[in-house]
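Peer 1: Residue numbers (the working numbering): 4 to 425.
Next up is a structure, given as structure tokens.
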């Protein structure tokens, strides 16, 4: 089980099981789900090799470049391949891809259960569904991230040209509002962010397959260019990976250039953006075109209206801290729960948080204003120790000095539960 962060700040809690792993700790790593159906012509010879070891494959830049240059490889239609390409074009270095032939979202999510090292989740083909089906599937994605822990959903606005020939701001707002309601059923609004409108990319035309030609004649839809519109989640995932690498997970992935896009489906100005995102509500993170500055992501908010959790950067920072602390806790599993262990945990966690503080992840002029660590006899009572558990409380202040979001780790050799931090 990966890290789970729940609740409203202060009082966010982790429940986890320690597992031994030597994998490096990475952020900005998405898992991509594509739903093209079991009958789709996916891959030919190259594709059968890609998923020969299982339904989830890991791709880095080199392997993706090999697939892109292979004449025998195909993603089988849909938006998956273009989303993965957009991820690497925007600075991504590593991702996971679920076999798109699984076809069913629940089956695809189940296939990801054994994959631990992703922290973003993208499902671009969901955005080509009808409105009701799209909302239900996007809510399922966010709920999966909530239950799994450690991951964050990047959701796409409506915009499929085949379903919506003319996109409007009213349509974008209606979908956003419906999505907020759908996610609230699962209490998962903090687990996702919404991006739109769609991007125009090379080889994106669904009608001609990106070639610009149909039976030797110019495609009337793309006018021979091969360009077409795709959901933006893959490109956004790449931007997040790039921002994490350059500045850290605490940096908001906003005002960032979108590479690999030649246009957007709907031009949005300041007044329109203000109308789309009124103060106090959940946001659609708009993608805008600026003369001389290119196409940019112009927002970094979750779908939550809770002031403590509106920022994507705050949510992802807490998820990342939880994942990292879980890794640190693995080094002390099965060790005697005594004073020496408490000192070791306090030292290791403090060193990690001190590094984040030095990098600007927390507010406060001193470490004591920015974070605290507690692992002692008050938390680890004789009853706790006899149960084979060790409890650590960590407080961090990502938005205001001395206003701590509290993370409680309850770890041990067996599966653990989490309670309220007091």
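All C-beta atoms, glycine included, are put in the ideal place defined by N, C-alpha and C.
(1) Return the chain-ordered ranges of every alpha helix (DSSP H) run that is complete within the segment 73 to 120 and spans a minimum of 4 residues.
(2) Among the candidates 393, 307, 302, whose CA atom is the shortest distance from the CA of residue 335?
(3) Could you check which residue in 152, 372, 305 has the C-alpha nearest to that of residue 405?
(4) Entirely within the segment 118 to 160 and at least 4 residues each: give me those alpha helix (DSSP H) ranges in chain order.
(5) Enumerate in chain order the residues of its own chain whose CB-to-CB distance from residue 67 is below 6 Å, with the five nearest sequence positions on each side excluded.
(6) How close, in whole Å, do the beta carbons of residue 193 and residue 312 come, if the pair is a contact with beta carbons under 8 Å?
(7) If you draw a straight line from the alpha carbon of residue 333 to that of residue 412, how long is it in whole angstroms?
(8) Run through DSSP, which three-state label would residue 310 get?
(9) Any idea what DSSP makes of residue 189, helix, strand or coil?
(10) For the beta strand (DSSP E) containing residue 386, list its first residue and its last residue.
(11) Measure the beta-carbon distance from residue 244 to residue 94 and round it to whole angstroms, keeping in mind my assumption that it falls under 8 Å.
(12) Per DSSP, residue 318 forms a beta bridge with which residues?
(13) Secondary structure at residue 56, three-state DSSP: helix, strand or coil?
(14) I want to know whether the segment 345 to 360 touches the segment 280 to 294 - three or more CB-CB distances under 8 Å.
(15) Exposed or buried, residue 37, counting other C-beta atoms within 10 Å across all chains shown (16 or more means buried)?
(16) Does the structure place the segment 149 to 168 close enough to the segment 230 to 244 that three or more beta carbon pairs sit under 8 Å?
(17) Do you know how far the Cα of residue 112 is from the Cα of residue 186?
(18) Report yes or no: do the segment 164 to 171 and the segment 319 to 333 share at least 3 C-beta pairs separated by less than 8 Å?
(19) What residue does the alpha helix (DSSP H) around residue 290 start on, and which one ends it?
(20) What would DSSP say about residue 34, mapped onto helix, strand or coil?
(21) Is the Cβ-Cβ distance between residue 319 and residue 252 less than 7 Å?
(22) Which residue or residues does DSSP assign as beta-bridge partners of residue 364?
(23) Check each candidate in 83, 101, 326 and name the one with the smallest Cα separation from residue 56.
(24) List the residues that DSSP assigns as beta-bridge partners of residue 333.
(25) How should residue 414 be labelled, buried or exposed, when 16 other C-beta atoms within 10 angstroms of its C-beta is the threshold for buried?
Peer 2: On the basis of the supplied data:
(1) List check, alpha helix (DSSP H) in window: 83 to 92, 108 to 115.
(2) Cα-wise, what sits closest to residue 335 is 393.
(3) When only C-alpha atoms are compared, the closest one is 372.
(4) DSSP runs (the alpha helix (DSSP H)) wholly in the segment 118 to 160: 134 to 151.
(5) Result list for residue 67: 91, in chain order.
(6) With 8 Å as the limit, residue 193 and residue 312 qualify as a contact, their Cβ atoms being about 4 Å apart.
(7) In a straight line, the C-alpha of residue 333 is about 12 Å away from that of residue 412.
(8) Looking at residue 310 - three-state DSSP - the assignment turns out to be helix.
(9) Three-state DSSP puts residue 189 in coil, outside helix and strand.
(10) Going by DSSP, residue 386 is part of no beta strand (DSSP E) but of the alpha helix (DSSP H) stretching over 385 to 389.
(11) Their Cβ separation, rounded to whole angstroms, is 6 Å, which keeps residue 244 and residue 94 in contact under 8 Å.
(12) Bridge partners of residue 318: none, in fact.
(13) Residue 56 falls in the coil class under three-state DSSP.
(14) Not touching, per the Cβ criterion.
(15) The residue in question, residue 37, is buried, as its Cβ has 16 or more Cβ neighbours within 10 Å.
(16) The segment 230 to 244 is in contact with the segment 149 to 168.
(17) Looking at the two C-alpha atoms, the distance is approximately 17 Å.
(18) The segment 164 to 171 vs the segment 319 to 333: no contact.
(19) Unbroken run through residue 290 is the beta strand (DSSP E), 288 to 293; no alpha helix (DSSP H).
(20) Strand at residue 34.
(21) Going by C-beta atoms, residue 319 is nearer than 7 Å to residue 252.
(22) In DSSP, residue 364 forms no bridge with anything.
(23) When each option's Cα is compared against that of residue 56, the closest is 101.
(24) In DSSP, residue 333 forms no bridge with anything.
(25) It is buried - the Cβ of residue 414 has at least 16 other Cβ atoms within 10 Å.
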